[in-house]
Amino acid sequence: MQISPAYDGPPILSIEGLGDPCAAVRRQRLRLLEVLRSLDASQWAAPTRCEKWSVKDVVSHLVGTDRFWAIAFGAGINGQPTRFLESFDPVATPEEMVDGMRAQPAQVVLTQYEAQVNNVLSTLGSVADWSVRAEAPPGHLALNVAVLHALWDAWVHERDISIPLGLPVVEDEEEVALILQYAAALSPAFSVASGSGKRGALVVEATSPDMTFTVDVDERVSVRRGDADGARLSGRAVDLIEGLSYRAPLPELPTDDQWLLVGLAEVFDVA
């Protein structure tokens, strides 16, 4: 299905107190590059947690996403946020892009990925104002919030590669805290953007790192620190991200509150 990014009015998703996420993005991208440089031919061809995608396929996908992020972030910095995702199909389009790179050798894909990582990091290194708008799948967001989508996506795919290969995974607390806030707000943001009209709140109580925050959902979605009345999601932070990203089960919510968790599944046609 196609997504429905919200381009007009205030950002559809905001996060209280969010500052500069560039260090976390740099750390994650460079860490994954080091992992990829160490892989042999059999590991590049190995399966991942992404159905039907090999390690090379996942990295090919990341080449395309980081190419998009460099353009989208640069346009936002220049005050001209893009609208590339108006006709984007999050199921069909990534597969088409990966298929177009399958004939390329792994080392060529790695070279392309490194170039796109450098483009993203160079672009983010020029940011003077993190409040400028940039495009992400939910729509035009403050740049630092849009950057969290790029961090979340690559962090999950890093695990998609490393876990099946039996490689160690790094769970940096700053990265995890940023990603959890964004991941918890993403499904509600997609629901709001689709015109669901639903209202509510999701309280997330996490450990490792210890944090409690509330995702308020009305005409927009906002993340704020602290507790509130609402549906409650509790657990280890990494486990919650895995569940919110459809890599693992999540604790059950009452039936009336389950809509808070299904927006991402609806967009990606997850059964």
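Heads up: the sequence shown at position 170 corresponds to 301 in my numbering, and the numbers run straight through without jumps.
Cβ atoms here follow ideal geometry from the backbone N, Cα and C, with glycine treated the same way.
Residues in its own chain within less than 8 angstroms of residue i by CB, not counting five upstream and five downstream?
i    : result
Q174 : V186, L296
L282 : P152, A155, V156, Q159, E306, L309, I310, Y313
F199 : F215
A379 : D370, E373
T338 : G366, R367, A368
Among residues of its own chain, excluding the 5 on either side of residue i, which ones have a beta-carbon nearer than 7 angstroms to its beta-carbon?
i    : result
Y138 : R214, G270, H271
E245 : L164
A402 : Low local confidence applies: a pLDDT of 49 at A402 is under 50, so the model's placement there is unreliable, with the coordinate-based value given in what follows. Closer than 7 angstroms at Cβ, skipping near neighbours: no residue.
P189 : One point to set straight first is that residue 189 is Val, not Pro, in the sequence displayed. Cβ within range, chain order: T179, C181, H288, D291, I292.
G205 : T254
S325 : S135
P141 : R351
Does residue i come out as helix, strand or coil in the three-state DSSP assignment?
i    : result
S257 : coil
R168 : helix
A402 : Bear in mind that a pLDDT of 49 at A402, under 50, signals an unreliable position, so the model cannot answer this.
G141 : Looking at the sequence itself, residue 141 is Pro, so the reference to Gly does not match. Reduced to three states, the DSSP call for P141 is coil.
R160 : helix
T196 : helix
G361 : coil
D347 : strand
I292 : helix
A337 : strand
P130 : Any question about residue 130 goes unanswered here, given that the chain covers just 132 to 402.
L272 : strand
G205 : helix
P152 : coil
E147 : coil
S325 : coil
P319 : helix
E266 : strand
S191 : helix
G231 : coil
Among the options, which has the Cα closest to the Cα of residue i?
i    : options                : result
V334 : T224, E350, A314       : A314
L365 : D349, V352, G195, F344 : Reading off the sequence shown, one finds Ser at residue 365, where the question assumed Leu. Comparing Cα-Cα distances from S365 to each of D349, V352, G195, F344, the minimum goes to F344.
L255 : L274, Q238, A267, L241 : L274
H288 : Y377, G148, S253, P136 : Y377
D260 : S218, G207, W286       : G207
Q235 : N209, P178, S191       : S191
L298 : P136, I146, T179       : T179
F219 : D291, K183, P136, I202 : P136
V263 : N209, P340, V251, N250 : N209
Q247 : G140, A368, L161, I134 : L161
D388 : V348, D341, E304       : V348
E304 : G326, P340, F321, S325 : P340
E302 : G326, A368, E383       : A368
G148 : A396, E383, R356       : R356
W184 : V239, P225, L395       : P225
G150 : V258, P142, L391, A237 : V258
Quick one: what's got a C-beta closer than 6 angstroms to residue i's C-beta in the same chain, skipping five residues either side?
i    : result
S293 : V300
L381 : G374
A316 : L144, V346, V352, V354
M228 : G195
E232 : What sits at residue 232 in the sequence shown is Met, not Glu. For M232, where only same-chain residues beyond five positions count, the Cβ hits under 6 angstroms are S191.
E336 : T343, S365
Using a beta-carbon distance below 8 angstroms, is residue i in contact with chain B?
i    : result
G297 : Judged by its chain identifiers, the structure shown contains no chain B, having just a single protein chain.
Assuming residue i and residue j are in contact, meaning their beta carbons sit under 8 angstroms apart, how far apart are those beta carbons, in whole angstroms?
i    : j    : result
P319 : V346 : 6 angstroms
V352 : V323 : 6 angstroms
A277 : A267 : 4 angstroms
G361 : G331 : 6 angstroms
A201 : N250 : 4 angstroms
L241 : L167 : 6 angstroms
P212 : A172 : Not quite, the Cβ-Cβ distance comes to about 41 angstroms (not below 8 angstroms), so this is no contact.
E397 : F321 : 7 angstroms
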